[in-house]
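Let me begin by presenting the structure, written as structure tokens, before commenting on it.
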Amino acid sequence: MTSVATAAASVKSLIADYPEDLPVLVIDDDPDVRLAISRCLQRYKIKVVEAGTLSEARRRFRLEEEFSFVFLDRCLDDGDGVDFAREILEDSPDLAVAIITANGTGANAEKAIEAGAFAYLPKPCTASDIRRVLFRRYPRLSDSFRDGELAGPIIDGSIQYEDESRVTLIAHSPQMIKLRLEILEIAKMTRCVLVSGGSGTGKELVARKIHEKSERAACKFAAINCGSVNVQLIESTLFGHVRGAFTGAVTDRKGLFEEAQGGTVLLDEITETSEEFQVKLLRVLQEQRLSRVGTNHEIAVNVRVIAASNRNVSEQVRAGKFREDLYFRLKGSEIFVPPLKDRREDIEPLAFYFANLTVKETKRPVQFSRAAMTALHSYEWPGNVRELQSAVDSAVQRCNGIVLVTDLPKELDPGYSKADEMAVVGSANFRSLEEASNEHMLRVLRAFQGNKTKA
0 MTSVATAAAS
10 VKSLIADYPE
20 DLPVLVIDDD
30 PDVRLAISRC
40 LQRYKIKVVE
50 AGTLSEARRR
60 FRLEEEFSFV
70 FLDRCLDDGD
80 GVDFAREILE
90 DSPDLAVAII
100 TANGTGANAE
110 KAIEAGAFAY
120 LPKPCTASDI
130 RRVLFRRYPR
140 LSDSFRDGEL
150 AGPIIDGSIQ
160 YEDESRVTLI
170 AHSPQMIKLR
180 LEILEIAKMT
190 RCVLVSGGSG
200 TGKELVARKI
210 HEKSERAACK
220 FAAINCGSVN
230 VQLIESTLFG
240 HVRGAFTGAV
250 TDRKGLFEEA
260 QGGTVLLDEI
270 TETSEEFQVK
280 LLRVLQEQRL
290 SRVGTNHEIA
300 VNVRVIAASN
310 RNVSEQVRAG
320 KFREDLYFRL
330 KGSEIFVPPL
340 KDRREDIEPL
350 AFYFANLTVK
360 ETKRPVQFSR
370 AAMTALHSYE
380 WPGNVRELQS
390 AVDSAVQRCN
400 GIVLVTDLPK
410 ELDPGYSKAD
420 EMAVVGSANF
430 RSLEEASNEH
440 MLRVLRAFQG
450 NKTKA
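Numbering (numbering that gives the first Met the number 0), first residue to last: 0 to 454.
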């Protein structure tokens, strides 16, 4: 069997259709809880069987009744739900059991999961909580999935992106295709480069690509985030120091400029440096020579400096927060990396790329539902590519074969607001029908950005 066919079979085994002939079993001594869970599942035409005690549940299992899923209260009058979960999973290891409880602790939750529980739900919980757990086991039940509504290929970790040993820069949008061509042109030059763009847009990736495509590629690429290094230490980190230069300097030490001799140094968040350091950096760039901290002895260095900032550097210059002479020295070549929201053609291929990286680790193939991909496309991505990678990685590890909207971070679902949902299980706080109706109308209006006709 080919790797693709194997992946397809693996995905299919994870996303089997819900067994319509098998009911969900709800075991809870509170009839209101059993009724609430039953109503949560009504819209999916799922049959629910109820049991108010462990004795009743045991009787059903002894009669060899089969179930698709079990919601099980932890504290019942005639026993502990976690112990019962362990008991039934010994005979039916593939059965998904979700523990629900109003008296849980972190230790209880760990005990339940270690016992084989599929999920652990503290009360009060909402209809979405109940459904989300069921969707993890049966993704095709979800509103965000319809048969055939899958986006893109089966991702099994085998997709090849350029040369895996090199820097991968995904470029499908016109802006990023143009940027890649700029990189090729700038890589041939010898001047400094200034890379600007918002946090998470991929400025360091651009710098690495410039280095990779340049004649310096065989030498070292060194990067430092200037904003994360103590003002007193940044000069020592970059230029090195001699023994006794300051407290703690017990030996001579090379700085990044010397270590990257012949290569490239990236100074990320360059606008966070002090004016005193900017003066010294300008001198090094002009003369290609430096002095380690604690000595006047000069050392010749041959490195290409790429500076990056998430700020508008020209505005920083006008505000007197960055030296104009250093700015002009750095911007021998200048590249702007656009925010992800302005290059939405890159979202889907980036999502597949990041999913492929995660699947290489998890060894569990996945596909994206079309609704999930639509949610990725619709989001504004204030954290840019870095935020997208985090969202995709989490969703791929969380999902059960198909990435659903419910696997994505909550902020990607414009219709979701935890505050808008009334707890349906384990809550003594009830609202009037009018209050619930008004809140529902407001939620729908927000989902359609106030468009009353669509709402």
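We put the CB at the ideal spot given by N, CA and C, even for glycine.
- For A350, the enclosing alpha helix (DSSP H) begins and ends at I346 to T361.
- As the crow flies, the alpha-carbon of V23 is around 34 Å from that of N355.
- Excluding sequence positions up to five before and after R310, its CB lies within less than 6 Å of the CB of T270, all in the same chain and listed in chain order.
- Secondary structure within the stretch 225-292: the beta strand (DSSP E) runs of 3 or more consecutive residues, fully enclosed, are 263-267 and 288-290 (chain order).
- Across the set P348, D406, T200 and F245, the C-alpha of P348 shows the shortest separation from the C-alpha of I158.
- Going by beta carbons, K187 and V336 fall outside the 8 Å limit.
- Nearest to A97 by C-alpha distance, out of L168, V69 and F134, is V69.
- Taking each of L168, S172, V391 and L339 in turn and checking the Cα distance to L183, the smallest one comes out for L168.
- According to DSSP, Q366 shares a beta bridge with I401.
- Look at L75 here: in three-state DSSP terms it is strand.
- F321 carries a coil assignment under DSSP once its states are collapsed to helix, strand and coil.
- Rounded to whole angstroms, the gap between the alpha carbons of A394 and E19 is 27 Å.
- Secondary structure note for V132: its alpha helix (DSSP H) is the uninterrupted segment A126 to R136.
- By the Cβ rule, the stretch 289-305 counts as touching the stretch 231-240, because three or more pairs are nearer than 8 Å.
- The straight-line gap separating the alpha-carbon atoms of G331 and M372 is approximately 39 Å.
- In terms of Cβ geometry, K122 and A108 do not form a close pair [threshold 8 Å].
- By the Cβ neighbour-count rule, V230 is exposed, with fewer than 16 other Cβ atoms within 10 Å of its own.
- The beta carbon of S37 sits closer than 8 Å to the beta carbons of V25, V47 and E49 from its chain, once the five residues preceding and following it are set aside; these are given in chain order.
- Between the alpha carbons of G400 and P338 lies a gap of roughly 30 Å.
- The closest CA to that of R363, considering only R328, F327 and G156, is found on G156.
- Relative to A114, the option among V132, E86 and E55 whose CA is nearest is E86.
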